[in-house]
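Student: Here it is, the structure in full.
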Amino acid sequence: MSDTEIIVCTTCRPPGASRELPAEGLALFEAVQDALLVCELDAGLHKGLKLRGLACMSGCSRACTVTLQAQGKFTYYFGDLAADDETAAQVIACAQLHRQSSDGNLMRNARPERLRAGILARLPPVGLAST
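Residue numbers (my numbering): 188 to 318.
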């Protein structure tokens, strides 16, 4: 089972948000980071998950954005996410589902509520044969 990487855009800002204030993407990154620490304290539930912040994932009109990816699995790119603790918890729950899936395919109804909509892309693994 390959590790799932959670990538959070750290420069995401909702349309019209002030550039004088910290980016909401950074706030979401920090919320996911904090939630992963809590998971670590709760019996290592974060095992197999990695977190990375990335400056700009080109989803500017759909802030905040998060990607879930792993070697040999489908990649998901989500947008329109709130920068709060509940979203962070749901991102981690979805990443755990992704990690446990053999191909990374995440059925809509199986995903946490905030990740059922707002999909910007579902990308196939490199080398997947056409269907």
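Glycine included, C-beta positions come from ideal geometry on N, C-alpha and C.
1) Could you spell out where the alpha helix (DSSP H) holding Glu286 opens and where it closes?
2) Hey, out of Ser288, Gln258 and Cys196, whose CA is closest to Glu211's CA?
3) Measuring CB to CB, does Thr198 end up less than 7 Å from Cys243?
4) Would you identify the three-state DSSP class for Gly212, choosing helix, strand or coil?
5) Please check the pair Val278 and Ile194, which I expect to be a contact at CB under 8 Å, by giving their CB distance rounded to whole angstroms.
6) Once the 5 residues before and after Gly305 are set aside, which same chain residues still bring their CB inside 6 Å of it?
7) Check Gln258 in the structure and name its three-state DSSP category.
8) Which class does Val313 belong to by DSSP, given the choice of helix, strand or coil?
9) Which of the three DSSP states, helix, strand or coil, is assigned to Cys196?
10) Which residues in the same chain have their Cβ closer than 8 Å to the Cβ of Arg239, if we skip the five residues on either side of it in sequence?
11) Taking the beta strand (DSSP E) that Thr237 falls in, what are its first and last residues?
12) Leaving aside the five residues before and after Leu284 along the sequence, list all residues of the same chain whose C-beta is less than 8 Å from its C-beta, in chain order.
Tutor: From the atom records:
1) Here residue 286 is Arg; the residue named in the question, Glu, does not match the sequence. According to the DSSP assignment, Arg286 belongs to the alpha helix (DSSP H) that extends over Asp272 to Gln287.
2) Nearest C-alpha to Glu211 among Ser288, Gln258 and Cys196: Cys196.
3) Going by C-beta atoms, Thr198 is nearer than 7 Å to Cys243.
4) Secondary structure at Gly212: helix, using DSSP grouped into helix, strand and coil.
5) Ile194 and Val278 do not touch by the CB rule: their CB atoms are close to 10 Å apart, not below 8 Å.
6) These residues qualify, in order along the chain: Phe265, Gly266 and Asp267.
7) Here Gln258 sits in coil by DSSP.
8) If DSSP states are grouped into helix, strand and coil, Val313 belongs with coil.
9) DSSP places Cys196 in strand when its eight states are reduced to three.
10) Cβ within range, chain order: Glu192, Ile193, Ile194 and Val195.
11) The question names Thr, but residue 237 is Lys in the sequence shown. Element bounds for Lys237: Leu236 to Leu241.
12) Only Leu293, Ala297 and Arg298 meet the Cβ criterion.
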